Every structure is written in C-alpha cells, then in structure tokens.
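Taking the numbering used here, the leading residue of the sequence shown gets 52, the next gets one more, and so forth. Just so you know, even glycine gets a beta-carbon here, dropped at the ideal spot from N, CA and C. Keep in mind that this is a model prediction, so the values were computed, not measured. For reference, the structure is listed below as structure tokens.
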Amino acid sequence: MNDQTISYTGPERVFSGVQPSGSLHLGNYLGALVKFVAMQEERDCIFCVVDLHAITVPQDPKRLAAQTREIAAAFIAAGVDPKRSIIFAQSSVGAHAELAWILNCSARMGWLERMTQFKDKAGKDRERASVGLFAYPVLQAADILVYRATHVPTGEDQKQHLELTRDIADRFNRDFDAPGFFPLPEPLTTGPGARIMSLKDGSKKMSKSDPSELSRINLLDTSDEIARKIKKATTDPDALPSEPDGLEGRAEARNLVGIYAVLAGISEAEVLGQFGGQGFGVFKPALAELAVEKLGPVAERMRQLADNPSEVDRVLADGADRAGAIAEGVLKDVRQTVGFWSP
Ligand code: TYM
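Dropping the structure here:
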C-alpha cells in the first residue's frame, strides 16, 4: 500500500510508548526500554506513558496516576535521560486525541478489522469490546505522527500497528494532496530482545496478562524472586548445544539463551561458546546471577523514585510542556491542511 516515495524532509525523531496497565516485565525492558536508552545517543527522542490507550480496557481510576508515574520511573531507572529526551503522559497533551479523531477519518474499517491485537484482546465477545479498543491503533498512529516521528522502537508485537501507521500517514498525505506531510515512520521492531517468550511456554510471548506469575520476570521482582522464576522456568532435559543451529525446535532453551545474550550484550553464539555442552543445572544459576546483576539496580532506582513521586511529577510536567509545544505546531498544520476554520 505504501508505494509513495518518502518525500518527508524534516528532522529525524524517535517516538515510542508504553501502557501504564500493570507491572513492567523483562520483555518490556529488553524489547523497548533498553532500545530507548540506545536511541537517545543518535536522535531526539520522545517517550510516552500511554494512559489513553490503557483505558481502552477497564482501569482502576484510583491507581492509574500511580501506574503512570511507575512507568515514567522505569524509563528513568532504565537510563532514559529526562533532560535530553522527553518523558510525558499521553493524556496531558490533548493533541493526541484530536489528531486521532482526524486520522479516524483516513483509516479504513477493513484495515482495523485485520489487526490481530484487537482480535486477541476482544476475544470471542467482540460486541462488548469498547470502541476505543477497536480504534486503538489509530490513536497509536496519532501518537507517532503528531510529532512527525521517523523511527519507532518497540518489541516485535507492535509491528502490525506500525505498518498500519505508515498506511494511515500515506493515506492522509494522498487524501489531502500533501506528499511528505507526514513521514512514513520506520518500525524498529527487530534485533535481540524484540520477542521475549514466557518462561513457562516458549511458544507464547512474555505478557502482563498471562495468569501465571512464573511466566514473567517483573522489573520490581526481588533478587530471590528472579532466581526462583528462572529456576522454575520450563526447559528440556538436554544439554545446551554449542552452535545456535542446535536451538532449532527448542523454544524454551532458545529463549533463555536469548535473554542471557541481550542482558550480557553478546551474541547467542558467544553464549553457547561459553555454555555449550552444559546442562540447565549450570546455565540457569548463571542466568539468574546475570539477571539480578542487571535488573537489581533498575529496580532499586525505581523504588527510590517511588518514594519521591514529586521528582517524577516534575519530569512528567516538563515533558508535557515540551511535547505539547511540538504537537501543537504539527496540529496547526494538520488543521490547515484539512481545511478547518480558524480566525
Ligand atoms: P505495551 O505497553 O504492551 O508494551 C510496551 C513495549 O514492550 C514491548 N514488549 C515486548 N518486547 C519483547 N518481548 C515481549 N514479550 C514484549 N512484550 C511487550 C512492546 O512491543 C512495546 O514496545 N501499543 C503499544 C503502546 C503504544 C505505542 C505507541 C508504541 C501506544 N502508542 C506509539 C509505539 C508508538 C503497547 O501496547 O505496548
């Protein structure tokens, strides 16, 4: 669908978002947060706690603000620098919702009906799903396009939504005869850590919604919990192979080796060079030690920030001002392009 050459010539900018809908886990950390930190070396970055997305399914109003602070704290604890990058809550910049409405009129029902995340989340009872859950990917497109972001780092599960964002941007540019008005943002959904699987079932991704606590490592888990979950992770009885090819058909083993590789910043081949021929009795304690070493300081910083919410509030307020200023500028162009009245 995207055959229009990218004629967008504006600056490069990174945008990504995380929902405040529960505790963050290792998948979120490796698939998103670690990438965010790496990105800020290269480009201007905007990282958003997407509370408007969270309310597409019921949330406890008494807890939502605290959950939003917790995600912002996780960004900071992981290494996002709030002076360099913008960190803010989606609902504090009204332009997201306004652009989403306008893009609702460019997006097509058929495109949204193909979204697998809606099918998964709505389940069998689609009639009772909120309209917001159906329109969710259009709001995601608005998040990105309201900053004319050019690069979007996420885990692999967001790939379909990011392709839709490109289609919506392209459609808007064509509908309004404005080539290059919106960039067609590049999804950065691959690479190590892009798809961390459940510790209990190597065929399912690690997820907040998995009923089994043992399926995931939460960022705020204690060292003992991390070690216990790794010890109890499902594996097969064989020793580790000495080459990555030998992981074929061994999803759980591949997942643990992959996690070790990303945490250590080395390749799977290097991990297997070290542990090939060894059983999980040796590998799991080594992985637990590494996970505790890497995640412990992140959890500790998150706890410090939880004890000091005004520090996080200052970051979110400053981020809202900076994000709002950029978004308002783009929205002004959008309003003009669409032809709305203005004084
Ligand atoms: P969310 O909140 O579900 O997840 C946040 C980030 O974590 C990544 N992720 C994973 N990565 C690797 N392995 C896993 N098992 C795993 N589970 C989750 C997700 O890919 C994501 O990067 N729709 C988005 C939020 C959003 C957004 C945006 C993202 C709203 N607007 C604009 C980018 C740009 C979501 O629900 O992410």
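(message) I'd like to confirm the pairing. Which residues does DSSP put opposite Glu237 in its beta bridges?
(response) Here residue 237 is taken as the residue at index 186 of the sequence shown, counted from 1. According to DSSP, Glu237 bridges with His202.
(message) Does the beta-carbon of Leu270, which I'm using as the reference point, lie nearer than 7 angstroms to any heavy atom of the ligand TYM?
(response) In the sequence shown, counting from the first residue as 1, residue 270 sits at position 219. The closest heavy atom of the ligand TYM lies 7 angstroms or more from the beta carbon of Leu270.
(message) So, does the segment 156-172 touch the segment 119-128, judging by three or more C-beta pairs under 8 angstroms?
(response) Because the criterion of three Cβ pairs below 8 angstroms is not met, the segment 156-172 and the segment 119-128 do not touch.
(message) Going by DSSP, what residue range makes up the alpha helix (DSSP H) through Val88?
(response) One-based indexing of the sequence shown puts residue 88 at position 37. It spans 85-90 - the alpha helix (DSSP H) in which Val88 sits, taken as one unbroken run.
(request) Decide if the segment 288-300 is in contact with the segment 259-269; the criterion is three or more beta carbon pairs, one per stretch, under 8 angstroms apart. (result) no
(message) Taking its Cβ as the centre, do 16 or more other Cβ atoms sit within 10 Å of Asp54, making it buried, or is it exposed?
(response) Residue 54 sits at position 3 when you count from the first residue of the sequence shown. In this prediction, Asp54 scores a pLDDT of 47, lower than 50, which makes its location untrustworthy; the coordinate-derived value is nonetheless stated afterwards. It is exposed - the Cβ of Asp54 has fewer than 16 other Cβ atoms within 10 Å.
(request) Using three-state DSSP, classify Lys256 as helix, strand or coil. (result) Residue 256 sits at position 205 when you count from the first residue of the sequence shown. Taken through DSSP and simplified to helix, strand or coil, Lys256 comes out as strand.
(request) Note down, one range per segment and in chain order, each alpha helix (DSSP H) of at least 4 residues found wholly within the segment 143-220. (result) Within the segment 143-220, the complete alpha helix (DSSP H) runs of at least 4 residues are 146-155, 160-164, 167-173, 182-196.
(message) Rounded to whole angstroms, what is the Cα-Cα separation between Leu323 and Pro295?
(response) Walking along the sequence shown from the start, residue 323 turns up at place 272. Walking along the sequence shown from the start, residue 295 turns up at place 244. Leu323 and Pro295 have their C-alpha atoms some 7 angstroms from each other.
(request) Could you check if Met90 is buried or exposed, using at least 16 other CB atoms within 10 Å of its CB as the buried criterion? (result) On the sequence shown, residue 90 is found 39 positions in, with the first residue counted as 1. When all chains shown are included, Met90 counts as buried.
(message) Whole angstroms are fine: how far does the CA of Ala312 sit from the CA of Met52?
(response) Along the sequence shown, one-based indexing puts residue 52 at 1. Along the sequence shown, one-based indexing puts residue 312 at 261. Confidence at Met52 is low in this model, with a pLDDT of 45, below 50, so the placement of that residue should be treated as unreliable; the coordinate-derived value is given next. Distance between the alpha carbons of Met52 and Ala312: 36 angstroms.
(message) I need the boundaries of the alpha helix (DSSP H) containing Asp12, first residue and last residue.
(response) Residue 12 lies beyond the residue range present for the chain, which begins at 52 and ends at 394; the question has no answer from this structure.
(request) Under the assumption that Asp194 contacts Phe66 (Cβ atoms under 8 angstroms), give the Cβ distance between them as a whole number of angstroms. (result) In the sequence shown, the residue the question calls residue 194 occupies position 143. In the sequence shown, the residue the question calls residue 66 occupies position 15. Right, the Cβ-Cβ distance comes to about 7 angstroms (below 8 angstroms), so this counts as a contact.
(request) Tell me where the beta strand (DSSP E) around Val65 begins and ends. (result) Numbered from 1 along the sequence shown, position 14 holds the residue referred to as residue 65. Its beta strand (DSSP E) spans residues 64-69.
(request) Answer yes if the segment 275-293 comes into contact with the segment 363-376, meaning at least three C-beta pairs across the two stretches below 8 angstroms, and no otherwise. (result) No, the segment 363-376 is not in contact with the segment 275-293.
(message) Suppose the cutoff is 8 angstroms on Cβ atoms and the five residues either side in sequence are ignored; what does the same chain contact list for Ser254 look like?
(response) Here residue 254 corresponds to residue number 203 of the sequence shown, with the count starting at 1. Closer than 8 angstroms at the Cβ level, and outside the excluded window around Ser254, lie Met248, Ala302.
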